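In terms of this note's numbering, the sequence shown has 41 at position 13, counting the first letter as 1, and numbering is strictly consecutive.
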Amino acid sequence: MKTKLVKVQQIEDCSMQMKEAAELIRRGEVVAFPTETVYGLGGNGLLEEAVHKIYEAKGRPSDNPLILHVCDMAMTESLVQEIPETARKAMDYFWPGPMTVILPKAEKVPSCVTGGLSTVAVRMPAHKTALRLIQEAKVPIAAPSANTSGRPSPTKAEHVMEDLDGRIPMILDGGAVKVGVESTIVDFSEAVPVILRPGRITKMELEKVIGCPVRMNTAFLGKDNGVPKAPGMKYKHYAPKADMTIVLGERKAVIAKINCLAVKQKELGNRVGVICTDETVEEYTADDVVSVGRRCNMETVTAKLYDVLRGFDHKDVDIIYSEGFEEEPLSEAVMNRLVKAAGHKIIRI
Ligand code: TXA
Ligand code: MG
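Below you can see the structure in the form of structure tokens.
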């Protein structure tokens, strides 16, 4: 299959291409499109055949459920049984935006979308191209991140090409995304709302808006009667080709430790990469030192994280040491992804 790459910078100038993309979706094909968080691989969320195509293109296990993307509240209401007051407050405030809500599903949602669960994940993305695509297609769009299963989520159309070229008919290229990590997933199907996956919207922000406590699933492995609460969490996640370790502690001590480890690795004949921040990038002596953004502005870090991790797969390094994040506002979202990439290898000093 030939993959058509369509640039969508000014949505107003691309109505033909948007119609073509929406027509593909309606016909049961899949199309990759930008959202504010990461690129999604979209298909008609009410059509089993389309949902199977998504799983196939990604190589994703079919018991890992998908998020349905909507463009308005009427569409949301048609997909769920009821919306509790807390969920409604959160949607009013954060939508369109990087938050996914889990609610009991309506009958019309096919069980292949929810991996057999009685709940469904719904999100209204804050991206003109995504919203227009859903409006034109006139159906909720089921979309996981547009990477092949096990790779970092794509934050640029080039990343989607890298993974899915030849496997899908079309990619809408909206340039680099703004947020860079996947949406915060909040389960509103229980009495106390639970964050199943941390993202740009934090626990504190959520609690402030809905006016009641929110639980954080810190293990991100929460199990309920043997069924993982966010099934995606049980699968193997991205690990770079090079062996990666996170070093946590006071800034000066971390720099000294990483430089010392790098020297030792060089003596063993290994090439060493370092993931650090703008504040410390001049302090390292390894072979390949890459800043992931500014620690004092964590939005720059979420935006660059996956691009930096993907970048290391094209580089000739054997070992990666990464600075960690603990005190910063979006530490949970960033560390959740870094720790998985490092296969839980952490040195604390
Ligand atoms: O930002 C995002 O959320 C992106 C963009 C494209 O919208 N999408 C995304 O989708 O990250 P995906 O499929 O890569 O991750 C969806 C996660 C998975 O971990 C899945 O297990 C979980 O949501 N999930 C989906 N439905 C669920 C449900 N009913 N209950 C619990 N977890 C659910
Ligand atoms: Mg994903």
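Backbone N, C-alpha and C fix where the C-beta goes; we use that ideal spot for every residue, glycine too.
Remember, it's a predicted structure, so these values are computed and weren't measured experimentally.
Per DSSP, cross-strand counterpart(s) of residue i
i: isoleucine 95; result: Ala149
i: asparagine 72; result: Ile169
i: alanine 60; result: Leu69, Ile199
i: lysine 35; result: Asp201
i: lysine 133; result: Val108
i: glycine 301; result: Asp316, Ile348
i: aspartate 193; result: Note: aspartate 193 sits in no beta bridge, so no partner.
i: aspartate 271; result: Ile347
i: threonine 128; result: Ile213
i: arginine 322; result: Asn325
i: leucine 276; result: Arg376
beta-carbon residue i near ligand 4 non-hydrogen atom, thresh 7 Å
i: valine 362; result: This structure does not include ligand 4; its bound ligands are ligand 1 and ligand 2.
Given residue i as reference, the closest of the options once Cα atoms are compared
i: aspartate 316; options: Cys324, Val309, Val302; result: Val302
i: glycine 227; options: Ala331, Leu33, Glu105, Asp344; result: Ala331
i: arginine 279; options: Leu296, Ala290, Tyr312; result: Tyr312
i: lysine 343; options: Ala270, Asp41, Lys184; result: Ala270
i: alanine 78; options: His97, Glu351, Arg54, Pro93; result: Arg54
i: glutamine 109; options: Ala134, Leu69, Tyr67, Glu218; result: Ala134
i: glutamate 354; options: Ser211, Val367, Leu107, Leu296; result: Val367
i: valine 34; options: Ile377, Lys184, Met363, Ile274; result: Lys184
i: glycine 73; options: Thr230, Val345, Val336, Cys140; result: Cys140
i: glycine 277; options: Pro357, Met29, Ile375, Met103; result: Ile375
i: leucine 75; options: Thr31, Phe122, Ala165, Leu234; result: Ala165
i: arginine 323; options: Gly352, Trp123, Val167; result: Gly352
i: aspartate 215; options: Glu360, Val36, Ile111; result: Ile111
i: phenylalanine 61; options: Ser181, Thr308, Ile130; result: Ser181
i: proline 132; options: Pro124, Thr104, Ser350; result: Thr104
i: glutamate 51; options: Met198, Val275, Asp346, Ala314; result: Met198
i: leucine 234; options: Asp41, Ser90, Phe122, Ser359; result: Phe122
i: valine 167; options: Ser146, Gly178, Ser106; result: Ser106
i: glutamate 57; options: Ala170, Asp91, Gly125; result: Ala170
i: asparagine 364; options: Ala219, Glu210, Val242, Val282; result: Glu210
i: lysine 136; options: Pro126, Thr147, Met127, Leu289; result: Thr147
i: methionine 272; options: Ile238, Ile196, Pro126, Val336; result: Val336
i: alanine 290; options: Ser350, Ala267, Thr142; result: Ser350
i: valine 362; options: Phe340, Asn325, Ile377; result: Asn325
i: glycine 208; options: Lys47, Thr63, Ser43, Gly371; result: Thr63
i: lysine 86; options: Arg160, Ser43, Thr142, Asp193; result: Asp193
i: serine 90; options: Gly321, Pro138, Met29, Ile238; result: Pro138
i: proline 126; options: Ala370, Ile213, Asp41; result: Ile213
i: lysine 4; options: Gly70, Ala102, Leu358, Phe340; result: Residue 4 lies beyond the stretch modelled for the chain, which goes from 29 to 377, so this question has no answer here.
i: lysine 81; options: Ile274, Val59, Ala102; result: Val59
i: valine 66; options: Tyr83, Lys294, Tyr334; result: Tyr334
i: leucine 161; options: Met46, Asn298, Leu94; result: Met46
Any non-hydrogen atom of ligand 2 within 7 Å of residue i CB
i: serine 181; result: yes
i: glutamate 210; result: yes
i: serine 90; result: no
i: serine 43; result: no
i: proline 62; result: no
i: proline 172; result: yes
beta-carbon residue i near ligand 1 non-hydrogen atom, thresh 7 Å
i: valine 148; result: yes
i: threonine 128; result: yes
i: isoleucine 53; result: no
i: isoleucine 213; result: yes
i: valine 66; result: yes
i: histidine 97; result: yes
i: proline 168; result: no
i: valine 142; result: Per the sequence shown, residue 142 should be read as threonine rather than valine. True, at least one ligand heavy atom lies under 7 Å from that Cβ.
i: proline 241; result: no
i: leucine 107; result: no
i: proline 132; result: no
i: leucine 161; result: no
i: proline 153; result: yes
i: proline 268; result: no
i: leucine 192; result: no
i: leucine 145; result: yes
i: proline 226; result: no
i: leucine 366; result: no
i: glycine 124; result: Note that residue 124 is proline in the sequence shown, not glycine. Result no, Cβ not under 7 Å from ligand 1.
i: leucine 94; result: yes
Min CB distance residue i to chain C below 8 Å
i: isoleucine 213; result: Among the chains in the structure shown there is no chain C, since it carries only a single protein chain.
Original post:
Quick check: the region 169-176 against the region 115-122, are there 3 or more CB pairs under 8 Å?
Top reply: no
Original post:
On the three-pair Cβ rule with 8 Å, is the region 213-226 touching the region 191-203?
Top reply: no
Original post:
Between the region 303-310 and the region 149-157, are three or more C-beta pairs nearer than 8 Å?
Top reply: no
**OP:** Could you say if the region 182-201 and the region 98-105 meet the contact criterion of at least three C-beta pairs nearer than 8 Å?
**Re:** no
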